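16 is the number of the first residue of the sequence shown in our numbering; add one for each residue after it.
Backbone N, C-alpha and C define an ideal beta-carbon position, used for all residues, glycine too.
Here the structure is a predicted model, which means the values were calculated and not measured.
Notes follow the structure.
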Amino acid sequence: MKNFLLLGLVLGSLTSFAQDEVKFKAYFKPDKVYQTATTTSSETQVNFEGNNEKIEGIKAKGIKLPMIVSGSNELKTTIATGSVTAENDFPAELKYHKMLINQTMNGQETSSESPISGLIIKGYYNQDNKLRVDTMISDKIDQNMRNTLKSTLENIQQQITFPENPMHIGESFDQKLPMEIPVAGLNPVKVLINTNYKLKEISNGKANFDILQTVALDMNNKQANISASGGGAGTAEFDIANNLISKYESDLTMTMKTTVDDLTITAKTNTTSKQLMSVE
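Here it is in structure tokens:
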């Protein structure tokens, strides 16, 4: 009996030790169905400083300053994967369900359906878990959007790129992602978002991360008279058995300032997002 108790203690300690570190790798598997639900909401305050005559002209059009623009959207997608082929890849079909975009500007509410609603994309995941897009089925998107979606899906496979080595609780890593912010009448503002992921705990087959984000202007691109800054926080949950990010939440605030002629425009945006993924 004592030997059994000793064996139990040893196995228990080994299990506990094993849960102190995990090698993370997110990837899609054959013969699975992945459901993803993403909710995003944002509020932007835009203000003008400088030439009083121009500012009064803006107000005369019925625009209140600061101008407040808020919006939200919900998107659900399904990825169904097939069996491994003789070429060691497997087919996948990605479907975008109905997506509504809601926006309020100067007190006026609008709602529209995104052109990607109902879009079906077919392709194959190779041995490196990279998607090759073969077919896009939709009568709502133009060729430019098709090219953008194809490039995005084939080059950005996972939301988080984890370190090659196993991670211990308390360890962290950084990931930089470029982002373009559209600005009416101007070229998109290019920024870099640095996200720090810190492994907080491993419990019940899930690994939880704390997220800290900072925003800075992408200095590799010439962007005169523009500044950008900001930061945020959030959490991420990794499903160890299914090798996927099952939950991702973030709250990011970003401030951009630009000067056009004799007007300085400041836009402060707060964006909250939540993504849930499950697999069958």
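Consult DSSP for residue i and reduce its assignment to one of helix, strand or coil.
i: glycine 72; result: helix
i: phenylalanine 43; result: coil
i: lysine 113; result: coil
i: lysine 155; result: coil
i: methionine 234; result: coil
i: leucine 20; result: Residue confidence is low: leucine 20 scores 38 on pLDDT, short of 50, so the model does not pin down where it sits. Its coordinate-derived value is still stated next. Helix, per DSSP.
i: threonine 176; result: coil
i: serine 265; result: strand
i: asparagine 202; result: coil
i: lysine 191; result: strand
i: lysine 289; result: strand
Between the beta-carbon of residue i and the beta-carbon of residue j, is there less than 8 Å?
i: isoleucine 260; j: methionine 234; result: no
i: asparagine 223; j: tyrosine 42; result: no
i: threonine 279; j: glutamate 124; result: no
i: lysine 289; j: threonine 92; result: no
i: alanine 231; j: valine 204; result: no
i: glycine 86; j: asparagine 117; result: yes
i: glutamine 6; j: lysine 283; result: With the chain running from 16 to 295 in the structure shown, residue 6 is simply not present.
i: tyrosine 139; j: phenylalanine 105; result: yes
i: leucine 190; j: threonine 167; result: For the sequence presented, residue 190 should be read as glutamine rather than leucine. Against a cut-off of 8 Å, the Cβ pair of threonine 167 and glutamine 190 comes out as no contact.
i: lysine 155; j: proline 178; result: no
i: asparagine 240; j: threonine 274; result: yes
i: aspartate 46; j: serine 126; result: no
i: glutamate 128; j: lysine 145; result: no
i: leucine 214; j: glycine 185; result: yes
Per DSSP, what are the beta-bridge partners of residue i in this structure?
i: lysine 283; result: Gln60, Thr270
i: threonine 150; result: Lys137
i: lysine 221; result: Ser218, Asp254
i: aspartate 104; result: None; aspartate 104 has no bridge partner.
i: isoleucine 94; result: Tyr49, Leu109
i: glutamate 124; result: Thr119
i: lysine 213; result: Ser187, Asp225
Below 8 Å on the Cβ atoms is my contact criterion, and I expect residue i with residue j to pass it. Report the Cβ-Cβ distance as a whole number of Å.
i: alanine 248; j: aspartate 266; result: 6 Å
At least three beta-carbon pairs within less than 8 Å, the region 133-140 to the region 104-115: yes
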